[in-house]
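Chemist: Encoded as structure tokens, here's the structure I'll be asking about.
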Amino acid sequence: MTTINRAIPRPGGRSARVQAAVHQATLALLAQHGRAALTVPLIAARAGVTPSTIYRRWGELGDLLADVAVERLRPDADPADTGSVVGDLLAWVEQYRDEMSSEVGLGMMLDVLSARRGSLAEGKVPVPCQCAAFTAAQIETIVERGVRRGEPVPEVGAVMDTVVSPIVYRTLFGAAPMAPAYAQALVEACMRTARKVEATAA
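Given below as structure tokens:
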């Protein structure tokens, strides 16, 4: 079973304080003025830093917005423990579907995609998005619980490919948000690939 590194570091010291101030300023200005009115000098003034600080660290405004979005997509708690793998997955998927299909969730995904599109337009290879690592780590927590219970479990990659990916695709490109029943059907289909995995000693 593939292991996902859940220790995704945050910057420390002065760097962390600058990031926090800029992120907070960006979120406050987004709420006040909307994305269209946002500029790097406006954010810098609100955060108490120079525009050059933002340009050096993030580059363009789109990259800053993507960084803010990624940080907001970082889970702040483990998935709910319902007592079974299928129950945990269903509860997690329902929350994930709700969050991603909300106006805020969709805006965050579009910010991340915009930054990646900009990198491709400049001929750069985009850095893999941490959003996928956050999501995979949540799924791995669910799978590891199931292994300890002695339940059949799906592969983390299978959940990403057969459950998470359709939710993201339908949210971004579908004519209507994914119905709860369809999300449940995805989980049930994925669970048909589940198998017993022997727990390893801690």
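The opening position of the sequence shown corresponds to residue 1 in this note's numbering, with each subsequent residue numbered one higher.
From the three backbone atoms N, C-alpha and C, an ideal C-beta is built for every residue, glycine too.
1) Three or more C-beta pairs under 8 Å: does that hold for the region 127–146 against the region 154–166?
2) Ignoring anything shorter than 3 residues, give me the beta strand (DSSP E) runs that lie fully in the region 148–187, in order along the chain.
3) Return the bridge partner residues of Arg-195 from the DSSP annotation.
4) What does a CB cutoff of less than 6 Å around Gly-87 pick up in its chain, not counting 5 residues either side in sequence?
5) When you compare the region 66–76 with the region 13–33, are there three or more beta-carbon pairs, one atom per stretch, that lie closer than 8 Å?
6) My assumption, with CB atoms under 8 Å, is that Leu-27 sits in contact with Leu-61. Please give the rounded CB distance.
7) Three or more beta-carbon pairs under 8 Å between the region 77–93 and the region 48–58, yes or no?
8) Would Val-85 be called buried (16 or more neighbouring beta carbons within 10 Å of its own) or exposed?
9) Just to confirm the assignment, what range does the alpha helix (DSSP H) spanning Glu-94 have?
10) Just verifying my parser: in three-state terms, what is the DSSP assignment at Thr-82?
11) On the criterion of 16 or more Cβ atoms from any shown chain inside 10 Å, does His-33 qualify as buried, or is it exposed?
12) In terms of alpha-carbon separation, which member of Val-18, Ser-101, Gly-48 and Arg-195 lies closest to Glu-144?
13) Where Leu-89 and Ala-185 are concerned, what is the direct C-alpha to C-alpha distance, given to the nearest angstrom?
14) Under DSSP, the alpha helix (DSSP H) around Glu-71 begins and ends at which residues?
Modeler: Quick look at the numbers:
1) yes
2) none
3) Val-153
4) none
5) yes
6) About 14 Å separates the two Cβ atoms, so there is no contact after all.
7) no
8) buried
9) 85–101
10) coil
11) exposed
12) Arg-195
13) 12 Å
14) 61–73
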